[in-house]
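**Student:**
Residue numbers (the numbering used here): 1 to 538.
(1) Going by C-alpha distance, which of 374, 462, 363 is nearest residue 317?
(2) With residue 427 as the anchor, note down where its beta strand (DSSP E) starts and where it stops.
(3) Can you tell me where the beta strand (DSSP E) holding residue 508 begins and where it ends?
(4) Answer with buried or exposed for residue 109, where buried requires no fewer than 16 other C-beta atoms within 10 angstroms of its C-beta.
(5) Are the Cβ atoms of residue 498 and residue 354 separated by less than 7 angstroms?
(6) Identify which residue in 523, 529, 199, 534 has its Cα closest to the Cα of residue 61.
(7) Distance check for residue 509 and residue 181, CA to CA, integer angstroms please.
(8) Quick one: what's got a C-beta closer than 6 angstroms to residue 367's C-beta in the same chain, skipping five residues either side?
(9) Is it true that the segment 526 to 538 meets the segment 396 to 406, where meeting means three or more beta-carbon pairs spaced less than 8 angstroms apart?
(10) How big is the Cα-Cα spacing for residue 400 and residue 459?
(11) So, using beta-carbon positions, are residue 476 and residue 310 closer together than 7 angstroms?
(12) By Cβ distance below 6 angstroms, which residues in the same chain neighbour residue 480 in space, the five residues on each side in sequence not counted?
(13) Span of the alpha helix (DSSP H) holding residue 358?
(14) Could you pull out every residue in the same chain whose Cβ sits closer than 7 angstroms to the Cβ of residue 252, ignoring the five residues on either side in sequence?
(15) Who are residue 117's beta bridge partners in DSSP?
(16) For residue 215, count neighbouring C-beta atoms within 10 Å of its own C-beta (all shown protein chains included) and say buried if the count is 16 or more, exposed if not.
(17) Which residues bound the beta strand (DSSP E) around residue 417?
(18) Just to confirm my understanding: we take residue 358, look at its own chain, exclude 5 residues before and 5 after, and list those with CB closer than 6 angstroms. What are they?
(19) Taking Cβ to Cβ, would you say residue 288 is nearer than 7 angstroms to residue 116?
(20) Determine the extent of the alpha helix (DSSP H) in which residue 278 is found, giving its start and end residues.
(21) What three-state label does DSSP hand residue 162 in the structure shown?
(22) Excluding the 5 residues flanking residue 52 on each side, which residues of the same chain have their C-beta closer than 6 angstroms to its C-beta?
(23) Which value, in whole angstroms, describes the spacing of the CA atoms of residue 267 and residue 299?
(24) Does the Cβ of residue 256 have 16 or more other Cβ atoms within 10 Å, making it buried, or fewer, making it exposed?
(25) Determine, using beta carbons only, whether residue 337 and residue 364 come nearer to each other than 7 angstroms.
(26) To the nearest angstrom, how far is it from the Cα of residue 147 to the Cα of residue 293?
(27) Does DSSP put residue 516 in a helix, a strand or coil?
(28) When you compare only the Cα positions, how much space is there between residue 286 and residue 277?
(29) Counting pairs of beta carbons, one from the segment 238 to 249 and one from the segment 204 to 213, are three or more of them closer than 8 angstroms?
(30) Going by Cα to Cα distance, which pick from 80, 301, 73, 50 is closest to residue 125?
(31) With C-beta atoms as the reference, is residue 413 less than 7 angstroms away from residue 90?
(32) Excluding the 5 residues preceding and the 5 following residue 64 in the sequence, name in chain order all residues of the same chain whose CB lies nearer than 7 angstroms to its CB.
(33) To the nearest angstrom, report how far apart residue 315 and residue 171 are at their CA atoms.
(34) So, helix, strand or coil for residue 182, using DSSP?
(35) Figure out for me which residue from 515, 489, 223 has the closest Cα to the Cα of residue 199.
(36) In whole angstroms, what separates the C-alpha of residue 335 from that of residue 502?
Okay, here's the thing in structure tokens:
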């Protein structure tokens with residue numbers, strides 16, 4: 001009897017079920033076809049028009065910047081990397097996208113996965129343009145040092161601490177005793193973390209003096225970024241915002257490791273500072289409070305400051321060290337300039353630290369910093385990379401996706417017109433814009449050559465070329481309303497650190513064929529095992 005009834009039931013249900021499935025599949029298929037057609041005039045990898053698999057592969061590989069660069073190299077200055085995502089390598093267009101009055105806005109798809117807590121933004125993740133601008137206004141004075149009369153002196157303290165730490169590992173110039181190789185990949189973040197915690201919160205974490213990751217922030221950052229990068233590549237970051245599932249998988253301040261542990265420590269610092277007056281304080285935290293940053297926003301901004309403010313600057317310093325050590329000609333010229341500065345008393349006698357004003361006047365050091373800011377390690381799945389294979393990337397190299405205004409935009413690049421439909425995501429290729437941009441940096445753009453920044457001031461053509469290079473190079477720090485707030489701090493750290501290290505020490509790569517291991521996670525560089533032999537300069 002039951003079977004007799006089941007047959008007619010299936011006859012009625014199955015056609016309806018198939019019809020429902022067909023409608024769902026057709027709906028999604030038509031959506032993909034529509035997406036494909038609206039950007040069909042942009043070339044890109046074969047699968048990019050119908051799926052995000054290519055973009056996921058690029059992200060999970062740890063070589064995303066190179067993937068984006070090769071796409072622009074092959075398909076042009078605007079190329080397709082996903083059904084609704086483009087990437088550009090054109091400096092002029094990218095500057096216009098980021099201009100103060102640009103109608104483009106940040107993409108929640110890219111920025112919201114970088115939130116530390118669901119629904120809560122910091123100056124990096126805020127995609128509401130008005131809200132973001134209001135945040136920046138409250139924080140600008142703190143980052144610039146205008147509210148901190150001891151800003152540079154505080155950085156000098158930690159430059160001295162770094163020199164003292166390196167000295168512990170050094171042998172004599174004559175190398176009469178065995179050397180103790182030191183891992184610069186580990187030590188430089190100690191310096192940048194101590195600086196940002198001191199100028200930001202009024203007290204250094206003390207990594208340099210302890211010669212260890214005191215609060216475990218560096219280890220937690222590495223763990224957190226790896227997890228975030230994997231989730232982003234798999235397209236599951238939205239789960240963080242889902243009820244029940246979100247709280248279960250998101251960082252918690254009860255965690256003993258990772259971002260959760262960092263958040264708990266940061267919360268303690270913020271809560272402690274909030275109970276004290278800012279009247280006699282001149283650090284960034286006090287400046288933020290005086291300019292109206294609320295208590296919960298303070299936590300978000302401080303956490304972002306600790307994470308991004310140390311990691312990116314540490315990457316830049318390690319990049320410069322590697323490139324100088326890998327190029328004997330550059331090394332010799334830099335040390336000659338440093339020696340001359342010491343001889344002419346431009347720099348104070350040791351243990352004094354050269355001033356920011358004076359170090360910025362050293363042309364060859366300035367050229368090295370400019371050149372190295374467009375360079376970075378080649379990515380590779382955690383594998384060591386031969387120094388002869390070093391590629392050029394900036395210290396932060398990811399999409400930083402924006403959203404095209406609703407009415408779309410007409411873009412003209414190299415006299416060719418492109419129409420970008422409204423609601424399209426567009427990011428930028430740091431690898432192509434800075435590494436292999438022959439139109440801006442010359443035919444030898446892939447070569448590390450600081451001399452390209454030193455020109456004859458009487459040569460009008462050379463001056464114009466330098467101006468164009470400088471404008472493009474500055475895009476490394478962002479542009480317009482989204483320019484990096486921490487640029488001033490970073491540049492002071494970088495110039496002082498490089499000058500004083502090469503002033504006091506001779507640095508040699510322990511293993512030139514395998515100078516380090518590098519992996520790109522969410523645009524930041526995870527650098528390990530940069531072993532260096534150190535000798536004190538007499």
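Don't be surprised by glycine CBs; every beta carbon is placed ideally from N, CA and C.
**Tutor:** Looking at the atomic coordinates:
(1) 374
(2) 425 to 428
(3) 505 to 509
(4) buried
(5) no
(6) 523
(7) 9 angstroms
(8) 450, 453, 454
(9) no
(10) 36 angstroms
(11) no
(12) 98, 99, 100
(13) 356 to 359
(14) 260
(15) 120
(16) buried
(17) 416 to 420
(18) 346
(19) no
(20) Element bounds for residue 278: n/a, residue is neither H nor E.
(21) helix
(22) 82
(23) 6 angstroms
(24) exposed
(25) yes
(26) 15 angstroms
(27) coil
(28) 9 angstroms
(29) no
(30) 301
(31) yes
(32) 58, 398, 520
(33) 26 angstroms
(34) strand
(35) 489
(36) 7 angstroms
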